[in-house]
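Residue numbers 3 to 220, in the working numbering, belong to the letters of the sequence shown in order.
Don't be surprised by glycine CBs; every beta carbon is placed ideally from N, CA and C.
Every value quoted in this text rests on a predicted model; they were computed, and no experiment measured them.
To keep things clear, I will list the structure first and then write my remarks on it.
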Amino acid sequence: MTTQTTTTHLADPTRYHIRPATPADFPSMTTTFCASFNAPFWLHLIPPDAAHHAWWNEAFALSHANPTDRQFIVEDLHNDRAIVAFSRWMLPQEDGNQERLWPEMREGEWDMELVGAFFGGMEENRRVVMGERKHWMCELLGTHEAHQNRGIAASLLKWGTDQADQEGLETYLDGSAKGQPYYIKRHGFKAEKDIPIPDREEYGSYKYVSMVRPPQKG
3 MTTQTTTTHL ADPTRYHIRP ATPADFPSMT TTFCASFNAP FWLHLIPPDA
53 AHHAWWNEAF ALSHANPTDR QFIVEDLHND RAIVAFSRWM LPQEDGNQER
103 LWPEMREGEW DMELVGAFFG GMEENRRVVM GERKHWMCEL LGTHEAHQNR
153 GIAASLLKWG TDQADQEGLE TYLDGSAKGQ PYYIKRHGFK AEKDIPIPDR
203 EEYGSYKYVS MVRPPQKG
């Protein structure tokens with residue numbers, strides 16, 4: 003069954019260039035993450051300080067070394083090739099495995115209860131929702147706030163969903179409640195399971211949901 007979606011515009015290729023990420027890009031990818039995920043929830047979960055910048059740099063390095071991961075960045079050709087977006091895809095495995103690689107999270111630098119609920123919740127949801135089915139997984143997708151709504155995220159998503167469609171496989175991702183309508187209307191995802199996240203004074207309540215996109219035809 004094909005999910006009906008609305009027309010999605012893609013990034014202007016005369017301005018935005020997509021290429022595989024290299025180790026030299028990791029610090030700029032971290033900076034772009036902070037400019038993409040800056041709601042109160044994210045500022046509490048991963049504060050934009052030196053320790054967490056180093057953590058993100060290490061996270062991108064771990065993924066770069068993982069043979070089943072693919073990381074991409076988007077350069078702004080009108081601004082000295084500044085990195086304005088990034089994505090990370092996890093390739094499908096025969097047994098459906100999509101083990102995530104994250105650096106150590108040290109006590110005292112993190113809200114450990116929140117970390118366990120968020121990162122652990124994503125792992126648990128994937129196991130429950132996908133089981134051992136082969137699937138493509140968009141693990142990270144971020145666009146600098148100054149460059150959002152320009153088709154960049156759509157272009158980064160299309161790289162994986164096109165291949166998933168060719169192989170007749172599902173695509174999996176976790177996203178915020180704010181982003182949920184975009185994934186549903188523009189890309190054919192379906193909300194499957196909420197990730198329980200504890201409330202905090204710093205951000206109130208926050209909703210994150212695991213989503214699946216059936217393979218599309220035509």
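To which residues of the same chain is residue i closer than 6 Å at the C-beta, ignoring the five residues directly before and after it?
i	result
H80	R17
S207	D201
L12	G153, A156, S157
Per DSSP, residue i is paired with what?
i	result
Y18	D78
I197	Y210
L116	Beta-bridge pairing links L116 to no other residue.
T145	A87
K192	V214
Determine the extent of the alpha helix (DSSP H) in which residue i is found, giving its start and end residues.
i	result
Y174	Not the alpha helix (DSSP H): Y174 falls in the beta strand (DSSP E), residues 172 to 178.
W112	From DSSP, W112 is part of no alpha helix (DSSP H); its letter is neither H nor E.
D164	154 to 169
P42	42 to 47
P29	28 to 38
Mind checking residue i: buried by the 16 CB within 10 Å criterion, or exposed?
i	result
V130	exposed
M114	exposed
P183	exposed
W104	exposed
Q6	Note on Q6: pLDDT 46, under 50, position unreliable in the model; the coordinate value appears next. By the 10 Å Cβ count, Q6 comes out exposed.
M3	Reliability of the predicted coordinates at M3 is poor, the pLDDT of 41 falling under 50, and the value obtained from them is presented with this limitation in mind. So M3 ends up on the exposed side.
Under 7 Å Cβ to Cβ from residue i, same chain only, skipping five residues before and after it: list those, please.
i	result
D27	I75, I85
P217	A166, D167, G170, L171, E172
ask   = Which whole runs of the beta strand (DSSP E) in the segment 49 to 107 are 3 residues long or more, in chain order?
value = 71 to 78, 84 to 92
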